[in-house]
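Notes to accompany the following structure.
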Amino acid sequence: LVTAIDHVGIAVADLDEAIAFHRDTFGLEVAHTEVNEDQGVREAMLRAPGAAAGGAQVQLIAPVSADSAIAKFLDRNGPGLQQLAYRVTDVRAAMDALRAQGLRLLYDEPRRGTAGSAINFVHPKDAGGVLVELVEPA
Ligand code: V0V
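Numbering (UniProt numbering), first residue to last: 8 to 145.
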């Protein structure tokens with residue numbers, strides 16, 4: 008089902024501050040930034056310098072609306088690891104396979120994720136307390 012770890016997502020209050028921290032402390036580079044209005048977030052994808060194309064990335068996610076999932080996460084937990092994202096070749100097929108095993112998906116239909124990807128999420132209560140994202144790259 009899963010072809011790779013696509014990214015791990017960290018909820019942050021201030022995106023620019025978090026980018027600077029990960030750059031200055033760990034030497035990570037910004038590969039991509041965007042605002043996703045549907046998810047109510049501003050995000051940055053970071054990678055290690057010289058990492059192979061398609062390698063796992065770190066996603067820093069900051070809320071831009073008070074009702075976004077990230078705003079609620081920060082209110083409840085403060086900043087920290089929020090999600091683990093698995094890459095799949097066909098998100099609809101992955102959704103069907105997981106539903107057939109009794110797992111709840113958060114959306115009936117895939118939504119738009121980073122860089123035009125198609126995404127959905129497994130409910131954290133059905134995945135060992137981890138919010139698992141499914142990502143089909145564009
Ligand atoms: C909540 N819970 C979590 C969790 N968020 N557990 C692990 N990891 C998380 N991130 C727990 C929470 O503590 C509750 O446990 C339980 O799940 C249900 O909580 P709830 O109050 O019913 O639900 P909410 O309102 O906290 O919402 C949780 C969900 C929400 C997962 C439904 O965050 C959501 O819709 N997430 C999907 C969208 C998302 O995360 N977007 C931001 C990233 P107890 O207290 O009952 O034990 S956008 C993105 O990733 C993009 C664009 C991309 O990658 O392309």
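Virtual Cβ for every residue (Gly too), placed ideally from N, Cα, C.
Item	Value
How should Asp13 be labelled, buried or exposed, when 16 other C-beta atoms within 10 angstroms of its C-beta is the threshold for buried?	buried
For ligand 1, I want to know if Glu50 counts as a neighbour, meaning its beta carbon is within less than 8 Å of at least one of the ligand's heavy atoms.	yes
Quick one: is the Cβ of Pro131 within less than 8 Å of any heavy atom of ligand 1?	yes
DSSP beta-bridge partners for Glu140?	Ala92, Phe128
Going by DSSP in three states, Val98 sits in which element: helix, strand or coil?	helix
Along the chain, where does the beta strand (DSSP E) containing Thr121 start, and where does it finish?	Counting along the chain, Thr121 falls outside any beta strand (DSSP E), and DSSP gives it neither H nor E.
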